[in-house]
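Numbering (the working numbering), first residue to last: 5 to 211. Ideal placement from N, C-alpha and C gives every residue a C-beta, glycine not left out.
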């Protein structure tokens with residue numbers, strides 16, 4: 005079974021994907037880490053993140069060791085969003101992601117274009133979302149819990165800016181696949197969202 009989970013930042017798709025993979029005994033790929041790693045290595049090298057060809061070169065040179073370290077932070081997320089707009093980057097990573105999904109036992113992948121581009125024939129497609137305000141509050145609370153001074157309004161502005169960038173890019177824009185099931189987590193806790201996702205997967209498995 006291939007499960008494709010898409011959605012905007014801080015909607016909860018990574019948590020759901022991780023728990024679904026564990027529940028079903030499937031391998032899991034957080035495809036966002038690929039883009040975060042490219043953005044981080046480019047920034048560390050002083051490269052121009054807005055140069056499509058340069059970004060493509062870094063993408064083609066991506067190695068598993070580049071996926072280690074702290075790639076989960078807000079800064080890495082912003083770097084990822086900048087390089088993800090470049091067609092050469094997305095082209096370089098398509099084969100990597102499809103190979104992962106083609107494992108005999110299946111897989112769970114989450115990202116921005118899994119159900120639309122990477123695995124259009126996935127057995128289950130989820131589009132996990134939440135309002136910008138809720139996602140900004142989650143991100144603010146997460147950073148505050150780590151002892152960082154954060155401003156909710158600034159985080160909200162960044163969330164909206166990233167949504168616009170991800171949704172309007174020419175290459176594989178963020179949008180639900182026509183046959184994806186929408187899961188809005190705005191009013192759901194982690195456990196409630198997970199149980200809702202499990203029900204969606206079980207329903208698809210019975211078809």
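Query	Result
In angstroms, rounded to a whole number, what distance separates the CA positions of residue 26 and residue 198?	12 Å
Have a look at the DSSP bridge pairing and note the partners of residue 32.	112
To which residues of the same chain is residue 135 closer than 7 Å at the C-beta, ignoring the five residues directly before and after it?	190
Mind reading off the beta-carbon distance from residue 1 to residue 192? Whole number of angstroms is fine, and I expect it under 8 Å.	Residue 1 is absent from the model: the chain starts at 5 and stops at 211.
On the CB-based measure, 16 or more other CB atoms within 10 Å of its CB, does residue 139 come out buried or exposed?	buried
CA-CA distance, residue 150 and residue 15?	19 Å
Mind checking which residues open and close the beta strand (DSSP E) that includes residue 194?	Careful: residue 194 lies outside any beta strand (DSSP E), inside the alpha helix (DSSP H) at 194-209.
State the DSSP-derived secondary structure class of residue 22, mapped to helix, strand or coil.	helix
At a cut of 8 Å, does the stretch 113-126 reach the stretch 172-179 through at least three beta carbon pairs?	yes
Buried or exposed: where does residue 44 fall if 16 or more other Cβ atoms within 10 Å of its Cβ makes it buried?	buried
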